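These protein sequence lines are chains A and B, in that order.
Just so we're aligned, residue 1 is where the first sequence starts under my numbering, counting upward by one.
Just so we're aligned, residue 1001 is where the second sequence starts under my numbering, counting upward by one.
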Amino acid sequence: MDFVGENGLIVIFMLWCVFLSLATDSFLTQRNILTVLQQSAIVSIVAIGEMLVLLTGAMDVSLAAILGVSGLVAASLMINNVPPLLAVAVGVGAGGAIGLVNGLIVTKSKINSIIATLGMLSILGGLALIITQGQTIYGPALDSIGFLSSGVMAGVRAPIVVMFMLYALFSSVLSRTLFGAQLYAVGSNEKAAWLSGLRVDRIRIAAFVLAGVGGVMQVARQGSATAIMGDEFLFPILTTVILAGVSLSGGKGRLLNVLIAAIFLVTITNGMVLLGMSVNAQRVASGVILIAALSLDRLRQRGR
Amino acid sequence: MAALLQLDGISRAFPGVQALQDVTFSIEAGTVHALVGENGAGKSTLIKILSGALAADRGTLLLDGQPYQPRDPRHALRSGLATLHQELNLLPTRSVLANLTLGHEPTRYGIIDWKQARAPAHRALQQLQAEYVPLDAPLHELTLGEKQLVAIAKALLNECRVLIMDEPTAALNSAEVEALFNVLTTLKARGVTTLYVSHRLDEVFQIADAVTVLRDGRHICTTPLTATTPDDLIAAMVGRSLTNAFPPRGRHLGEVVLSVEHLSSARAFEDISFRLHAGEVLAVTGLAGSGKTELGQALFGARPIDRGQVRWFDRRESLTPVHAVAAGVGYVPEDRQTDSLLLDVAVQRNITLAVLPRLTRRLGFLDRSGERQTAHRQAEALQIKAPSLASPVRVLSGGNQQKTALAKWLAAGARVLILLEPTQGIDVGVKFEIYDLIAQLARSGTAILLISSELPEVIELAQRVLVMRSGRIVADLPGEQAEVATLLRAAAGV
């Protein structure tokens, strides 16, 4: 019973998977599982960054837009014959720089982080359209980083490997490093952390920067870049961390649950496609499943 | 007299703690019955069980000879047990009348008939000699004492027979306490029984007919007040007889660790100058609003300074908590729950929070066994009572939370401690443990700045006492010459 109590989300997820395996022939096939993991990769990686920010008691709603802009920057550099590695590095750097700006705005001018990053979301959306002039960026130059999406490492597609590596890395960062301890401390009680000599602002800014770095995978996934390519991730990122039970007031959250939640979300769509539901019915059902999963998880926590 | 409420073998456990164990006693009808015990003795759990907020694991309750098993607070209220928590559970933005009427509003065709509600509300306040409280004023405009009267009147309107009051005087001034005691006497005359939970033994002797002592979740004794003494009760509460002796004052003064020159902060204090030495206990006292708390905050860099200079260990860097901690200064704030502790985080991490950078190895990884050892050492030295060092600080009693707040700075090896009201809201046993700790730290060379309104501790512990009034230092006395009367006169300016 303790296992169920601690791992409610995992149990609910498992039950959903068991249901899909029994109800469809194709869910529990190697091919489908790899597809699900591949589709979870980007959201789950960016959700790590969102979790870091949430742990400090802030929230970043501009991450989807940062994802789009850093991908755009990398893609436009590449089609202008900048070496791919350098272009990717600049794209990542741009994401980090935007995160830094977010962090500085939130910590120095004390604007509520949701409002500040909502502003950033709008700014980045506009900038992306200005950079691309509404055009899609594509071309053979983008193929050189194709291995990031279609490359195979140890028999598995690269994004899946990268996803698991990043989760392993950050699970150890959060539980075993000074930085991880400080993130939780700042989110648990900012004032107490400050009065214990922690550099609260710097820690929170670092979380925003790391969150901004998360997104260059996207350009590789589709082999082209558009101004609006980050938009589709806005809700999945937030839904993932909320479903994972990361506290919106800071200081609480388990990284493993974030990974499970990201995969869970993909299996909802995936499962309904396999069940042969219409697109409109899928939208209704995914809302129902999401609310049901969240309610079950919260009810279970309250019962303890 | 007949027993109105009988408790028989009441037990309740929480993970890792037996909060109540086989508690048996009874409360006579029409009396004021006091319930005392240290923090963590089980008083709150017992109140929660009586008021229906928690269920007992074992044991039975009899109310008027009938089995009483409250399912929830609403059920308890209908059975005639009203509980006044410290936070009072009133609606701050609604009127006094709306608060008094809440839950049994008289209605006509589903619309509240406020006219009809006024008479009983007024009568209830009248019974408490509180008819001067305006029925139409929003509750938040009342003083705390008046709010409490409203809460009691509300209980009367609910036809309560047993009134449970949890630390009702904690935030009242002495006139309000006096008024409250008059009300309790009135209630008693009307046959209402009061269960009075308090820390303050002087009040218990003033108002109660009988007293029950709990310790570590067990019932120690129930006795009429006429058959006991304060010393007996304290001994029963702490489980040993306390000599209540303050540790001897140190004499040695080391080098200057802090020099403050002409320090001013707008609307808080002005032109403060003094020096603090290693091994010294320097007390700063004064009334609420004298600026002593703000001075403590400013010295740690937690409040902006307008003019003047603060030098820790002769360093010349800017003054922020980060720099102060790096220089070896520790700070125990007045409100430990909001300003010092990570309530939902493990005791262990709370103890090591300020020393974590020094427990960090290659690549930012923490030395986990080092962290465990550090926490264990401090928890043992300060005798912090916790189910385990992995439990969240929230589950500890007030005294043990305060010890954890202190342990943080001992773990960090602080050479100076700024202590703000370090024994506020702490029971007498732990209080003296903290006094011993302060004296012992000073003997080993730690400088202590003790900012406190608790005059006995100021007088007995400090080598030197500064008194503040309206933001200025108005007296500077050697500890040996400080007396309560002198300090009070200086603090009040008479």
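Positions of the beta carbon are idealized from the N, C-alpha and C atoms, including for glycine.
If you're wondering where the values come from, they're calculated on a predicted model, not measured in any experiment.
Distance cut-off 7 angstroms: serine 1290 of chain B Cβ against heavy atoms of the ligand SAH: In terms of ligand content, the structure shown is empty, and the ligand SAH therefore cannot be addressed.
Cβ distance (whole Å) where phenylalanine 208 of chain A is taken to contact asparagine 102 of chain A below 8 angstroms: For this step, residue 208 of chain A is matched to residue 208 along the first sequence. For this step, residue 102 of chain A is matched to residue 102 along the first sequence. Indeed, because the Cβ distance is near 5 angstroms, the residues count as touching under 8 angstroms.
Glycine 1402 of chain B, buried or exposed, once every other Cβ within 10 Å from all chains shown has been counted against 16: Counting from one through the second sequence, the residue named residue 1402 of chain B turns up at place 402. As written in the sequence, residue 1402 of chain B is glutamine, which differs from the glycine given in the question. Classification for glutamine 1402 of chain B: buried.
Residue-level contact to chain B via CB, asparagine 280 of chain A, 8 angstroms cutoff: Sequence index remark: in the first sequence, residue 280 of chain A carries index 280 (1-based). Output row for asparagine 280 of chain A: interface = no.
CB contact below 8 angstroms: alanine 1013 of chain B versus chain A: Locating residue 1013 of chain B in the second sequence gives position 13, counting from the first residue. False, the Cβ-Cβ gap to chain A never drops below 8 angstroms.
4-residue-minimum alpha helix (DSSP H) runs that sit fully inside the stretch 1455–1492 of chain B, ordered along the chain: 1455–1461 and 1484–1492
Integer Cβ distance of glutamate 1038 of chain B from glycine 1429 of chain B, believed to fall under 8 angstroms: As a first step, residue 1038 of chain B must be located in the second sequence, where it is residue number 38. As a first step, residue 1429 of chain B must be located in the second sequence, where it is residue number 429. Indeed, because the Cβ distance is near 6 angstroms, the residues count as touching under 8 angstroms.
Close-in-space but distant-in-sequence residues of the same chain around asparagine 1173 of chain B (CB under 8 angstroms, 5 per side omitted): Translated into the one-based positions of the second sequence, residue 1173 of chain B becomes position 173. Excluding positions up to five away in sequence, the list reads Gly1145.
Contact set between the stretch 1313–1345 of chain B and chain D, restricted to residues whose Cβ is under 8 angstroms from the partner: Protein chains in the displayed structure are A and B, and chain D is not among them.
Residue closest to alanine 1414 of chain B, alpha-carbon to alpha-carbon, out of B:Thr1093, B:Thr1143 and B:Ile1448: In the second sequence, residue 1414 of chain B corresponds to position 414, counting from 1. For alanine 1414 of chain B, the nearest C-alpha among the options comes from B:Ile1448.
Outcome for leucine 238 of chain A when other beta-carbon atoms lying within 10 angstroms are tallied against a minimum of 16: Here residue 238 of chain A is taken as the residue at index 238 of the first sequence, counted from 1. Its Cβ being crowded by 16 or more others within 10 Å, leucine 238 of chain A is buried.
7 angstroms Cβ cut-off: residues of chain A touching leucine 1417 of chain B: Position 417 of the second sequence, counting from 1, holds the residue named residue 1417 of chain B. Within 7 angstroms Cβ-Cβ: nothing; leucine 1417 of chain B doesn't reach chain A, min ~13 angstroms.
Candidates B:Leu1062, B:Asp1306, B:Pro1092 and B:Arg1377, of which the one nearest serine 1265 of chain B by Cα: On the second sequence, position 265 is the one that residue 1265 of chain B refers to. Per the Cα distances, B:Asp1306.
Local conformation of alanine 1082 of chain B per DSSP, three classes: In the second sequence, counting from the first residue as 1, residue 1082 of chain B sits at position 82. Alanine 1082 of chain B falls in the strand class under three-state DSSP.
Pairwise C-alpha distance: leucine 234 of chain A and alanine 74 of chain A: For this step, residue 74 of chain A is matched to residue 74 along the first sequence. For this step, residue 234 of chain A is matched to residue 234 along the first sequence. Going from the Cα of alanine 74 of chain A to the Cα of leucine 234 of chain A covers about 20 angstroms.
Distance between beta carbons of glycine 1052 of chain B and proline 1070 of chain B, contact taken as under 8 angstroms: Start at 1 with the first residue of the second sequence, and residue 1070 of chain B comes out as number 70. Start at 1 with the first residue of the second sequence, and residue 1052 of chain B comes out as number 52. Going by Cβ atoms, the distance from proline 1070 of chain B to glycine 1052 of chain B rounds to 3 angstroms, so yes, they are a contact pair.
Every unbroken beta strand (DSSP E) within the stretch 1099–1187 of chain B, with a cutoff of 3 residues, ordered by chain: 1162–1166
Through-space distance from glutamine 1129 of chain B to arginine 1074 of chain B, alpha-carbon basis: What you label residue 1074 of chain B is simply residue 74 of the second sequence in a count that begins at 1. What you label residue 1129 of chain B is simply residue 129 of the second sequence in a count that begins at 1. Their backbone Cα atoms lie some 27 angstroms apart in a straight line.
Assigned secondary structure, leucine 234 of chain A (DSSP; H/G/I helix, E/B strand, else coil): Against the first sequence, residue 234 of chain A aligns to sequence position 234. Reduced to three states, the DSSP call for leucine 234 of chain A is helix.
Pick from A:Gly287, A:Ala116 and A:Asp201 that is closest to leucine 63 of chain A, judged by C-alpha positions: Taking the first residue of the first sequence as 1, we reach residue 63 of chain A at position 63. The candidate whose alpha carbon is nearest that of leucine 63 of chain A is A:Ala116.
8 angstroms Cβ cutoff, alanine 1003 of chain B in contact with chain A: The residue given as residue 1003 of chain B occupies position 3 in the second sequence. No, alanine 1003 of chain B does not count as interfacial toward chain A.
Local Cβ density within 10 Å of valine 279 of chain A, reported as buried at 16 or more and exposed below that: What you label residue 279 of chain A is simply residue 279 of the first sequence in a count that begins at 1. Label assigned to valine 279 of chain A: exposed.
Beta carbon proximity, glycine 1364 of chain B to chain A, threshold 8 angstroms: Here residue 1364 of chain B is taken as the residue at index 364 of the second sequence, counted from 1. Interface residue, yes.
Enclosing beta strand (DSSP E) for glycine 1009 of chain B [first to last residue]: Start at 1 with the first residue of the second sequence, and residue 1009 of chain B comes out as number 9. Element bounds for glycine 1009 of chain B: 1003–1014.
Within 8 angstroms, strictly: CB atoms of valine 1032 of chain B and lysine 1188 of chain B: Here residue 1032 of chain B is taken as the residue at index 32 of the second sequence, counted from 1. Here residue 1188 of chain B is taken as the residue at index 188 of the second sequence, counted from 1. Yes, they are a contact pair.
Burial state of alanine 292 of chain A, where buried means 16 or more other Cβ atoms lie within 10 Å: Position 292 of the first sequence, counted from the start, is the residue given in the question as residue 292 of chain A. Flag for alanine 292 of chain A reads exposed.
Spatially closest choice to threonine 1486 of chain B from B:Ser1470, B:Val1458, B:Arg1472 and B:Gly1471, by CA coordinates: Here residue 1486 of chain B is taken as the residue at index 486 of the second sequence, counted from 1. Closest option to threonine 1486 of chain B, Cα to Cα, is B:Val1458.
Contacts of lysine 108 of chain A in chain B (Cβ-Cβ under 7 angstroms): For the purposes of this step, residue 108 of chain A is identified with residue 108 of the first sequence, where counting begins at 1. Residues of chain B passing the Cβ test: none, with the nearest at roughly 15 angstroms.
Residues near threonine 1093 of chain B by beta carbon distance below 8 angstroms, same chain, minus five either side: Translated into the one-based positions of the second sequence, residue 1093 of chain B becomes position 93. Around threonine 1093 of chain B: Pro1138, Leu1139 and His1140.
Cβ contact check for the stretch 77–84 of chain A and the stretch 48–63 of chain A: 3 or more pairs under 8 angstroms: no
Distance between glycine 1370 of chain B and isoleucine 1380 of chain B (C-alpha atoms, nearest Å): Here residue 1380 of chain B is taken as the residue at index 380 of the second sequence, counted from 1. Here residue 1370 of chain B is taken as the residue at index 370 of the second sequence, counted from 1. A small fix is needed here, since residue 1380 of chain B is glutamate in this sequence, not isoleucine. Near 15 angstroms, if we compare the C-alpha coordinates of glycine 1370 of chain B and glutamate 1380 of chain B.
Residue from B:Glu1280, B:Leu1477 and B:Glu1203 whose Cα sits closest to the Cα of glycine 1250 of chain B: Sequence index remark: in the second sequence, residue 1250 of chain B carries index 250 (1-based). Checking every option, the nearest Cα to that of glycine 1250 of chain B belongs to B:Glu1280.
Same chain, Cβ closer than 7 angstroms to threonine 1423 of chain B, five either side skipped, listed in chain order: To locate residue 1423 of chain B, count along the second sequence from 1; it is residue 423. Around threonine 1423 of chain B: Lys1431, Ile1434, Glu1454 and Glu1457.
Close-in-space but distant-in-sequence residues of the same chain around arginine 1394 of chain B (CB under 8 angstroms, 5 per side omitted): Looking up residue 1394 of chain B in the second sequence gives position 394. Cβ neighbours of arginine 1394 of chain B beyond the five flanking positions: Leu1343 and Asp1344.
Close-in-space but distant-in-sequence residues of the same chain around threonine 1285 of chain B (CB under 8 angstroms, 5 per side omitted): The residue labelled residue 1285 of chain B in the question sits at position 285 within the second sequence. Answer for threonine 1285 of chain B: Lys1292, Ile1451, Ser1452, Ser1453, Leu1455, Val1458, Val1465, Leu1466, Val1467, Met1468, Leu1487 and Ala1491, listed in chain order.
Euclidean distance between Cα positions of proline 1106 of chain B and leucine 1054 of chain B: For the purposes of this step, residue 1106 of chain B is identified with residue 106 of the second sequence, where counting begins at 1. For the purposes of this step, residue 1054 of chain B is identified with residue 54 of the second sequence, where counting begins at 1. So the two alpha carbons sit approximately 31 angstroms from each other.
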